[in-house]
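S.K.:
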Amino acid sequence: MIKKILIVNRGEIAVRIIKACRELSITSAALYSEADKDSLHVRLADEAYFIGPSASSESYLNIPKIVDLAKKIGASAIHPGYGFLSENADFIKAVEESGIIFIGPRSESVRLMGDKTEARKLMAGSEVPIVPGTTSPIDSIEEAKKTAREIGYPILLKASAGGGGKGMRKVASEDEFESSLSAAQNEALKAFGSSDVYIEKYIENPKHIEVQIIADHHGNYAHLFERDCSIQRRHQKVIEEAPSTFVDGELRQKLTSAAINAAKACGYYNAGTIEFLVDKNKNFYFLEMNTRLQVEHPVTELITGLDLVKEQIAIAEGKPLSFRQEDIYIHGHALECRIYAEDVDNNFVPSTGHIKLHRRPDGIGIRVDTGIDPFSNVSMFYDPLLTKVIAWGRNRPEAIERMKRALGEYKIAGVLTNIAACRWVLKQEEFKDGSFDINFVENVFMPLIPDKWKSEQAQDYEDAVSLLAVLLKARMSEPGPSGNKVPKSNNWTSKPYE
């Protein structure tokens, strides 16, 4: 049995895991860097340990220090969340060799699926459709140009070890090939330590559809239906939903079968996601496998009633899946908006500062997964994701209306956010009728900046400032504390680790 989990992450996902631990009566141990010493996840955890300076390379990515700490505090298991070391096969291998349970897949599966060209080869032999292109990194410019001509422009150059849109270039013609290749290789080398890139056919205006899978150590595999993640900016998801309005029963059967085949092909267990591109004719192609818990897992939880973090922990303990495939069905519709600290008008540049106001939405069908509270510090060192707002409804229109209400109620002051931009998207006909694709933000939203939607952003700012002023005035009118009593502390400990 797992008695203590070291959470190797921060922000909202660390809080999410802490809550699951609390419900399972498992001790939660958090990590924190210098920048995160006052963060919400540190205060909520049963134990918290200082891991190093603010730079992630010296703290949340420091493999030897993290594994050594896990041993010293007596952690039964490590949960990586998403990002940071969650898909680092070397880290997972180090955890496995330490005798500590890793809550996730085995290192061999992660290593295999993390190499995009090797993953494409494996999928091609496992009845999983892949995008036309190469299954090996480019080693000859002339051969690569020949391949590009054969499959036809436009093409994509993609980093073999990459993800999140880094090391990726769209090439419209052969005249752009060499300069784009050099740029993609340089970006891939900086981001992933490898300059290897490969070629894929560019699919025009596709949907980004992914299938949540889960498997145990007893050979049981299940899918939890699909999510539509087509609302993206800079190849990163912003709004996700489940199920997809574009996916009918026949396509759902094909997608979920392909996803299970992909998971079996790499000997996968625990929670994972198979991502596909789906064209307008409903042809679908393997994009990549995320060998971890996804940011957008809450929408799947809301339409299935499952707690994916608890399922992950149970699987890591060696238990079989708590359900059968035939027990799971789609109940209603769910949407998720990722709330980022960013300047939408300035090409989504991250915004930093101290949170001066955080007024969360609530009500029927609304869930908020957050890593901030009033006076949290939003630093330059980490991903700018602050919060995820999730709305559930009996049907898609109801879920959309609940999300619009929730975003209207959500007030954050101290940093710029994309709340108004998300609300704008929800009001557009392309979103309401489901006809949007992965180019929606670039083709529809971006040309309108800074005119048509900016009034909503300005109103959000004015509302937040007005509310903050009211709250500050009320607080100033309250009587001060009497005597020198110190508030009773909670039951967490904050320990330096050296």
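Numbering (the numbering used here), first residue to last: 1 to 498.
Backbone N, C-alpha and C fix where the C-beta goes; we use that ideal spot for every residue, glycine too.
Do Y221 and K170 come within 9 Å of each other at the CB atom, strictly closer than that value?
M.R.: The residue labelled residue 170 in the question sits at position 170 within the sequence shown. The residue labelled residue 221 in the question sits at position 221 within the sequence shown. For K170 and Y221, no; Cβs fall outside 9 Å.
S.K.: Considering Cα atoms alone, identify which of S173, T291, N205 and K166 is closest to N186.
M.R.: As a working note, residue 186 is residue 186 in the sequence shown. For N186, the nearest C-alpha among the options comes from K166.
S.K.: From the DSSP output, which residues share a beta bridge with C229?
M.R.: Position 229 of the sequence shown, counting from 1, holds the residue named residue 229. Answer is none; C229 lacks a bridge partner.
S.K.: At the level of alpha carbons, what is the spacing between K319 and L156?
M.R.: As a first step, residue 319 is located in the sequence shown; it is residue number 319 there, counting from the start. As a first step, residue 156 is located in the sequence shown; it is residue number 156 there, counting from the start. So the alpha carbons of these two residues sit roughly 42 Å apart.
S.K.: Going by CA-CA distance only, name the one from R252, K4 and N205 that's closest to R227.
M.R.: Translated into the one-based positions of the sequence shown, residue 227 becomes position 227. Ranking R252, K4 and N205 by Cα distance to R227 puts R252 first.
S.K.: What does the Cβ neighbour count give for T1, buried or exposed, with the cut at 16 atoms within 10 Å?
M.R.: Stepping through the sequence shown from its first residue, residue 1 is reached at position 1. The residue asked about is misnamed: residue 1 is Met in this sequence, not Thr. Exposed, because fewer than 16 other Cβ atoms sit within 10 Å of the Cβ of M1.
S.K.: Measuring CA to CA, which of R10, R22, G11 and F192 is closest to I313?
M.R.: Locating residue 313 in the sequence shown gives position 313, counting from the first residue. The candidate whose alpha carbon is nearest that of I313 is R22.
S.K.: Taking the beta carbon of N281 as the centre, do at least 16 other beta carbons fall within 10 Å, making it buried, or is it exposed?
M.R.: Residue numbering aside, residue 281 sits at position 281 when the sequence shown is read from its first letter. N281 should be labelled exposed.
S.K.: Report yes or no: do three or more beta-carbon pairs, one from the stretch 239–251 and one from the stretch 84–98, lie closer than 8 Å?
M.R.: Contact fails: fewer than three Cβ-Cβ distances are below 8 Å.
S.K.: Are I303 and F225 closer than 9 Å when you measure CB to CB?
M.R.: The residue you call residue 303 lines up with position 303 of the sequence shown. The residue you call residue 225 lines up with position 225 of the sequence shown. In contact: I303 and F225 (Cβ atoms closer than 9 Å).
S.K.: Which residue's Cα is closest to the Cα of K254: N377, E326 and P129?
M.R.: As a first step, residue 254 is located in the sequence shown; it is residue number 254 there, counting from the start. Of the listed residues, the one whose Cα sits closest to K254 is P129.
S.K.: Given that a residue counts as buried once 16 or more other Cβ atoms are within 10 Å of its Cβ, and exposed if not, what is K207?
M.R.: The residue you call residue 207 lines up with position 207 of the sequence shown. Answer is buried; the Cβ neighbour count reaches 16.
S.K.: Going by the beta-carbon positions, is the gap between I400 and I355 smaller than 9 Å?
M.R.: Taking the sequence shown and counting its residues from 1, the one referred to as residue 400 is at position 400. Taking the sequence shown and counting its residues from 1, the one referred to as residue 355 is at position 355. No.
S.K.: Going by C-alpha to C-alpha distance, which of A188, Y269, L6 and A421 sits closest to H218?
M.R.: Residue 218 sits at position 218 when you count from the first residue of the sequence shown. It is Y269 whose Cα lies nearest to the Cα of H218.
S.K.: Grab the span of the alpha helix (DSSP H) containing A263 for me, first residue to last.
M.R.: Within the sequence shown, the letter at position 263 stands for residue 263. It spans G249 to A265 - the alpha helix (DSSP H) in which A263 sits, taken as one unbroken run.
S.K.: Consult DSSP for S489 and reduce its assignment to one of helix, strand or coil.
M.R.: Residue 489 sits at position 489 when you count from the first residue of the sequence shown. The predicted model places S489 with a pLDDT of 37, which falls under 50 and marks its position as unreliable; any figure quoted below should be read in that light. Residue state, collapsed to three classes: coil.
S.K.: Count the C-beta pairs between the stretch 323–341 and the stretch 7–19 that are closer than 8 Å, then say yes if the count reaches three, no if not.
M.R.: With the cut-off at 8 Å, the stretch 323–341 and the stretch 7–19 do not touch.
S.K.: In or out: H235 buried (at least 16 other Cβ within 10 Å) or exposed?
M.R.: If you number the sequence shown from 1, residue 235 lands on position 235. The residue in question, H235, is exposed, as its Cβ has fewer than 16 Cβ neighbours within 10 Å.
S.K.: In chain order, what residues of the same chain lie with their CB nearer than 7 Å to the CB of A172, ignoring the 5 residues before and after it?
M.R.: Mapped onto the sequence shown, residue 172 falls at position 172. Cβ neighbours of A172 beyond the five flanking positions: Y153 and P154.
S.K.: Would you report the Cα separation of M380 and S351, rounded to the nearest angstrom?
M.R.: Taking the sequence shown and counting its residues from 1, one reaches residue 380 at position 380. Taking the sequence shown and counting its residues from 1, one reaches residue 351 at position 351. Each residue's Cα considered, the two are about 8 Å apart.
S.K.: List the endpoints of the continuous alpha helix (DSSP H) containing M113.
M.R.: Residue mapping note: residue 113 aligns to position 113 of the sequence shown, counting from 1. Its alpha helix (DSSP H) spans residues S107 to G114.
S.K.: Is the CB-CB distance between A242 and T300 below 9 Å?
M.R.: On the sequence shown, position 242 is the one that residue 242 refers to. On the sequence shown, position 300 is the one that residue 300 refers to. A contact, by the Cβ cut-off of 9 Å.
S.K.: Taking the alpha helix (DSSP H) that E301 belongs to, which residues open and close that run?
M.R.: Start at 1 with the first residue of the sequence shown, and residue 301 comes out as number 301. H297 to T304 is the extent of the alpha helix (DSSP H) around E301.
S.K.: So the beta strand (DSSP E) S98 belongs to, where does it begin and stop?
M.R.: As a working mapping, residue 98 is identified with position 98 in the sequence shown. Per DSSP, S98 belongs to no beta strand (DSSP E); it is in the alpha helix (DSSP H), A89 to S98.
S.K.: Buried or exposed for P64, going by 16 or more other Cβ atoms inside 10 Å?
M.R.: Your numbering for residue 64 matches position 64 in the sequence shown. P64 is exposed by the Cβ-count criterion.
S.K.: Given this structure, state the Cα-to-Cα distance separating S56 from F50, to the nearest angstrom.
M.R.: For this step, residue 56 is matched to residue 56 along the sequence shown. For this step, residue 50 is matched to residue 50 along the sequence shown. Spanning the two alpha carbons is a distance of roughly 13 Å.
S.K.: Buried or exposed: which applies to Y329, given that a residue is buried once 16 or more other Cβ atoms fall within 10 Å of its Cβ?
M.R.: On the sequence shown, residue 329 is found 329 positions in, with the first residue counted as 1. Exposed, because fewer than 16 other Cβ atoms sit within 10 Å of the Cβ of Y329.
S.K.: Could you please give the first and the last residue of the uninterrupted beta strand (DSSP E) stretch that includes I339?
M.R.: Locating residue 339 in the sequence shown gives position 339, where the first residue counts as 1. Segment H333 to Y340, the beta strand (DSSP E) holding I339.
S.K.: According to the Cβ coordinates, are F102 and V95 closer than 9 Å?
M.R.: In the sequence shown, the residue the question calls residue 102 occupies position 102. In the sequence shown, the residue the question calls residue 95 occupies position 95. Yes; because the gap between Cβ atoms is below 9 Å, this pair is in contact.
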